């Protein structure tokens, strides 16, 4: 089992939004979560990504058998749990290539692989493009 | 060591007598005497004065400084401009007029000077320097100034820069203060802007233990435009104070002011920006902003944007913010796998970069990028 959410209760500002959610995702599966506005889709993704404004009240989340809720947001991202933003944030003053390279190198560090310098990363980007 | 005011005043008085003996220009001697008399009368500013409420210079005042000034380089025709310097502003400006080492940059009428005019100052340990630069951008000229303070010691810099941007002239001005963290730096910039002229300045304050920059900018004819932007980035126990006055005395002029501050550790900053729109200055467009990032609980900023409007037909805005990094931006970077420390530094860099990236000269820009990154201890290799 890749991701296992068990009886998850979570919310924001003291208001409970997820009231006992269960979900199991195995390797290679694609799941789409649908529901009306306010049913907790965003709350679930933010809780899984580790947004500091959301609180887990009870329940558990296992990711590759480990307690996901113990990890910091950046540790979750490097471990492979990734959240695509509906409204991506623009970070003023930081160029895309700087930002992509920093994120890429953090992932490489995590995997124990070599980091790329700006020139190497530029080549890498061209290959991918 | 406690030094009484009398001893302090005597040290300047004795050095002044000696300095004056070597002054070859008689008319300058008269001006210097007048200025020193004012200094003797008012002394250094104290926090009892409203304009100096948050900046206490007593640690500077109690020090003993050896005056390090030499012969001025100016011709008789420069004297009237020098005489317009408002040296009675405070004890520092009076002392500058008394001891000032005057130099003149004159950009001839209608010329476009490609390579920038650079002047760099830095005092030695225990010494006081008094640079005083007159800049005259004659009608229709175009040029760039680079003013740098880079003392490596416990020095006292007391500088004055007078700028005249004549009709239809365009002047770009970069001022970088990166004195050592033990140094004292006081500097005043006075700017007059003529008809259809523009003045675009960026003021970067990174250095000095105690530094203050006073700016006074005045539009003297219609159609002028000015940018007065700046960044202060402080660490440790550094203290920086910027006081600016932008004076719309005539109609149809535009001013933009964007000052940003990043305060770490126990550092402290003061921003006081006054914008005046006088009675007949219709068609004025004045925008002013001061944003501050407090990176530690012990850092402090006192910011006071002031807008005084005596006319209805104007477009003005002003604002100040003091805060921490945006939580949503931080979270976004974390979800991209950046560790929290790096994410915070990247956001801080981006905040400062908004001022730095305006700088049109690549060598200064990359120097500053590096200085900012060094402070943040982050490698971006921009």
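Protein chains in written order, with my numbering: chain B, 165 to 293; chain G, 182 to 563.
Glycine included, C-beta positions come from ideal geometry on N, C-alpha and C.
Remember, it's a predicted structure, so these values are computed and weren't measured experimentally.
Thinking C-alpha only, which one of the options is nearest residue i?
i	options	result
residue 301/G	286/G, 283/G, 276/G and 327/G	327/G
residue 597/G	547/G, 321/G and 238/G	The structure shown does not extend to residue 597/G, since chain G is modelled only from 182 to 563, so the question has no answer here.
residue 169/B	248/B, 176/B, 230/B and 200/B	230/B
residue 429/G	314/G, 359/G and 467/G	467/G
residue 236/B	190/B, 180/B and 215/B	215/B
residue 207/G	191/G, 253/G and 226/G	253/G
residue 286/B	264/B, 277/B, 273/B and 276/B	264/B
residue 469/G	499/G, 494/G, 476/G and 453/G	499/G
residue 462/G	486/G, 447/G and 492/G	492/G
residue 124/G	236/G, 517/G, 474/G and 478/G	Look at the range of chain G in this structure, 182 to 563, and you will see that residue 124/G is not part of it.
residue 245/B	517/G, 549/G, 553/G and 414/G	517/G
residue 439/G	410/G, 191/G, 548/G and 557/G	410/G
residue 479/G	443/G, 197/G, 295/G and 191/G	443/G
residue 543/G	418/G, 213/G and 296/G	296/G
residue 257/G	460/G, 209/G and 553/G	209/G
residue 549/G	477/G, 386/G and 431/G	386/G
residue 393/G	276/G, 307/G and 452/G	452/G
residue 513/G	178/B, 218/B, 188/B and 252/B	252/B
residue 308/G	193/G, 329/G and 223/G	193/G
residue 249/B	273/B, 278/B and 206/B	206/B
With C-beta atoms as the reference, is residue i less than 9 Å away from residue j?
i	j	result
residue 503/G	residue 412/G	no
residue 322/G	residue 356/G	no
residue 247/G	residue 283/G	no
residue 523/G	residue 233/B	no
residue 324/G	residue 292/G	yes
residue 280/G	residue 243/G	no
residue 212/B	residue 165/B	no
residue 366/G	residue 398/G	no
residue 225/G	residue 241/G	yes
residue 373/G	residue 344/G	yes
residue 556/G	residue 445/G	yes
residue 450/G	residue 424/G	no
residue 506/G	residue 238/B	no
residue 364/G	residue 336/G	yes
residue 175/B	residue 182/B	yes
residue 258/B	residue 530/G	yes
residue 255/B	residue 510/G	yes
residue 528/G	residue 270/B	no
Using the DSSP secondary-structure output, state which residues sit across from residue i in a beta bridge.
i	result
residue 365/G	337/G and 391/G
residue 384/G	356/G and 411/G
residue 287/G	317/G
residue 433/G	The partner list for residue 433/G (beta bridge, DSSP) is empty, contrary to what the question assumes.
residue 215/B	Answer by DSSP bridge pairing: none, since residue 215/B is not bridged.
residue 217/G	Answer is none; residue 217/G lacks a bridge partner.
residue 501/G	471/G
residue 206/G	For residue 206/G, which the question treats as bridged, DSSP gives no partner whatsoever.
residue 210/B	Answer is none; residue 210/B lacks a bridge partner.
residue 293/G	323/G
residue 481/G	449/G
residue 168/B	188/B and 226/B
residue 312/G	282/G
residue 298/G	326/G
residue 441/G	412/G and 472/G
residue 379/G	351/G and 406/G
residue 290/B	Answer by DSSP bridge pairing: none, since residue 290/B is not bridged.
residue 250/B	According to DSSP, residue 250/B bridges with nothing at all.
Kindly give me the distance between the Cβ atoms of residue i and residue j, rounded to whole angstroms, as I take these residues to be in contact under 8 Å.
i	j	result
residue 340/G	residue 380/G	18 Å between Cβ atoms; not a contact.
residue 342/G	residue 370/G	5 Å
residue 455/G	residue 426/G	5 Å
residue 377/G	residue 401/G	With 8 Å as the limit, residue 377/G and residue 401/G do not qualify as a contact, their Cβ atoms being about 12 Å apart.
residue 247/B	residue 190/B	Incorrect: roughly 20 Å between the Cβ atoms, too far for contact.
residue 416/G	residue 436/G	That belief does not hold up - the Cβ atoms of residue 416/G and residue 436/G are roughly 31 Å apart, past 8 Å.
residue 171/B	residue 204/B	About 14 Å separates the two Cβ atoms, so there is no contact after all.
residue 319/G	residue 286/G	Residue 319/G to residue 286/G, Cβ: 11 Å. No contact.
residue 212/G	residue 259/G	With a Cβ gap of about 12 Å, residue 212/G and residue 259/G do not count as contacting.
residue 236/G	residue 422/G	4 Å
residue 334/G	residue 305/G	6 Å
residue 414/G	residue 553/G	6 Å
residue 403/G	residue 434/G	7 Å
residue 262/G	residue 278/G	That belief does not hold up - the Cβ atoms of residue 262/G and residue 278/G are roughly 13 Å apart, past 8 Å.
Original post:
What are the residues of the segment 371-385 of chain G that lie near chain B, defined by any Cβ-Cβ distance shorter than 7 Å?
Top reply: none
**OP:** Below 8 Å between beta carbons is the criterion; list the residues of the segment 268-281 of chain B that meet it against any residue of chain G, in chain order.
**Re:** 270, 271, 274 and 281
**OP:** Check distances from the C-beta atoms of the segment 210-238 of chain B to those of chain G and list, in chain order, the residues that come in under 9 Å.
**Re:** 210, 213, 214, 215, 216, 217, 236, 237 and 238
Original post:
What residues from the segment 191-208 of chain B come within 9 Å of chain G, judged by C-beta to C-beta, listed N to C?
Top reply: none
**OP:** Mind checking the segment 498-510 of chain G against chain B and listing, in chain order, the residues whose C-beta falls within less than 9 Å of any C-beta there?
**Re:** 507, 508, 509 and 510
Subject >> Against chain G: residues of the segment 255-269 of chain B by CB proximity under 7 Å >> reply: 255, 256, 257, 258, 262, 266 and 267
Subject >> Interface residues of the segment 515-535 of chain G facing chain B [CB-CB below 9 Å] >> reply: 515, 516, 517, 518, 519, 520, 521, 523, 524, 527, 528, 530, 531, 532, 533, 534 and 535
**OP:** Residues of the segment 168-179 of chain B with a CB closer than 7 Å to any CB of chain G: list them in chain order, please.
**Re:** none
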